[in-house]
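Okay, so here's the structure we're looking at.
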Amino acid sequence: MEPTNPSHGFLEEPPISPEIQALFDADVADHGYVMNLTRVWAQAPAAKVALFGLLADMAQLAGLTFRQRGILISATASTVGDAYCSLAWGARLATAAGDHVADAVLRGDDEPLEAADLALARWARAVAADPNATTPADLEPLRAVGFDDRQIFAVTVFVALRRAFSTVNDALGPAPDRQLRDDAPGAVDTAVSYGRTAAELPS
Numbered sequence: 001m002e003p004t005n006p007s008h009g010f011l012e013e014p015p016i017s018p019e020i021q022a023l024f025d026a027d028v029a030d031h032g033y034v035m036n037l038t039r040v041w042a043q044a045p046a047a048k049v050a051l052f053g054l055l056a057d058m059a060q061l062a063g064l065t066f067r068q069r070g071i072l073i074s075a076t077a078s079t080v081g082d083a084y085c086s087l088a089w090g091a092r093l094a095t096a097a098g099d100h101v102a103d104a105v106l107r108g109d110d111e112p113l114e115a116a117d118l119a120l121a122r123w124a125r126a127v128a129a130d131p132n133a134t135t136p137a138d139l140e141p142l143r144a145v146g147f148d149d150r151q152i153f154a155v156t157v158f159v160a161l162r163r164a165f166s167t168v169n170d171a172l173g174p175a176p177d178r179q180l181r182d183d184a185p186g187a188v189d190t191a192v193s194y195g196r197t198a199a200e201l202p203s
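Here full-length UniProt numbering is used: position 91 in the sequence shown is 91, and no number is missing along the way.
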């Protein structure tokens with residue numbers, strides 16, 4: 001096994017296989033480069049494929065828009081101090097909803113958020129921070145903006161899976177890609193003052 005680039009995390013990188021190459025090719029197609037976190041998931045490519053397949057299923061079951069997924073992921077990532085997903089999805093949220101919304105969600109500032117965004121952000125933070133502290137009353141804002149119980153279940157699974165994804169990435173050390181930091185809107189870059197430092201060089 002080849003020595004690991006420090007930006008790629010703490011694990012030695014496995015030899016390239018067709019499954020690993022498929023992960024890398026998907027990153028290049030989507031982002032233009034292989035993400036550092038993908039090199040960690042190269043230890044078990046099928047796990048990343050299965051995880052993101054289930055995330056897609058839950059997003060569909062919940063009827064989530066791209067904006068709503070951005071709210072949930074940004075709120076979850078910022079709650080657990082994950083700079084990687086905060087930069088990646090904070091930037092996407094800024095594109096979908098404006099810099100002010102992305103900044104607010106990443107900082108935990110509810111003031112600028114409309115009712116649906118607020119309900120999703122608060123639920124994501126509750127699930128990510130302390131799921132044992134939730135009460136039936138915490139579900140009422142989601143119901144008030146139109147989510148039924150099946151959708152609430154799917155939203156909760158979505159948040160829990162994103163928290164798991166962040167946990168694996170943060171624990172095993174891949175640095176946020178330099179491109180994510182360089183391309184982030186100013187508001188997102190400033191808000192993400194936590195977590196691992198971005199890589200010095202581009203991925």
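For glycine and all other residues, C-beta sits at the position ideal for the given N, C-alpha and C.
Please list, in chain order, all residues of the same chain as residue i whose beta carbon is under 8 Å from its beta carbon, the five residues on each side excluded.
{"i": "serine 203", "result": "Ser7, Tyr33, Val34, Met35, Asn36, Asp177, Arg178, Gln179"}
{"i": "alanine 164", "result": "Leu51"}
{"i": "aspartate 43", "result": "Sequence check: residue 43 is glutamine here, not aspartate. Excluding sequence neighbours, glutamine 43 sits near Leu11, Pro14."}
{"i": "aspartate 27", "result": "Tyr33, Val34, Met35, Thr38"}
By Cβ distance below 6 Å, which residues in the same chain neighbour residue i in space, the five residues on each side in sequence not counted?
{"i": "valine 192", "result": "Ala83, Ser86, Leu87"}
{"i": "alanine 125", "result": "The sequence given here places arginine at residue 125; alanine does not occur at that position. Within the same chain, arginine 125 has close Cβ partners Ala75, Thr79."}
{"i": "phenylalanine 24", "result": "Val34"}
Of the choices the options, whose alpha-carbon is the least far from that of residue i?
{"i": "aspartate 170", "options": "Gly98, Asp99, Ser78, Ile71", "result": "Ser78"}
{"i": "tryptophan 89", "options": "Ile73, Gly9, Leu64", "result": "Ile73"}
{"i": "proline 174", "options": "Leu201, Gly63, Val157", "result": "Leu201"}
{"i": "isoleucine 20", "options": "Asp103, Lys48, Thr95, Thr76", "result": "Lys48"}
{"i": "arginine 92", "options": "Tyr194, Gly108, Ala187, Arg196", "result": "Ala187"}
{"i": "valine 155", "options": "Ser166, Val127, Arg181", "result": "Val127"}
{"i": "arginine 181", "options": "Ala199, Thr167, Pro131, Leu172", "result": "Ala199"}
{"i": "isoleucine 16", "options": "Arg39, Asp103, Ala29, Leu161", "result": "Arg39"}
{"i": "aspartate 183", "options": "Phe66, His31, Pro18", "result": "His31"}
{"i": "leucine 161", "options": "Asp110, Gly9, Leu55", "result": "Leu55"}
{"i": "valine 168", "options": "Leu64, Gly81, Asp57", "result": "Gly81"}
{"i": "arginine 107", "options": "Thr190, Gly63, Pro185", "result": "Thr190"}
{"i": "valine 159", "options": "Gly9, Ala62, Ala46, Leu172", "result": "Ala62"}
Residues in the same chain with beta-carbon distance under 7 Å from residue i, minus the five sequence neighbours each way, listed in chain order, please.
{"i": "arginine 69", "result": "Ala59"}
{"i": "isoleucine 71", "result": "Leu93, Val105, Asp117, Leu120, Ala121"}
Starting from the N-terminal side, write out each stretch of the alpha helix (DSSP H) that is 4 residues or longer and does not extend beyond the region 66-124. 66-79, 83-97, 99-107
Under 8 Å: do the region 110-130 and the region 138-145 share three or more Cβ pairs, one atom per stretch? yes
What residue ranges within the region 12-65 form continuous alpha helix (DSSP H) runs of no fewer than 4 residues, ordered along the chain? 18-31, 36-41, 45-62
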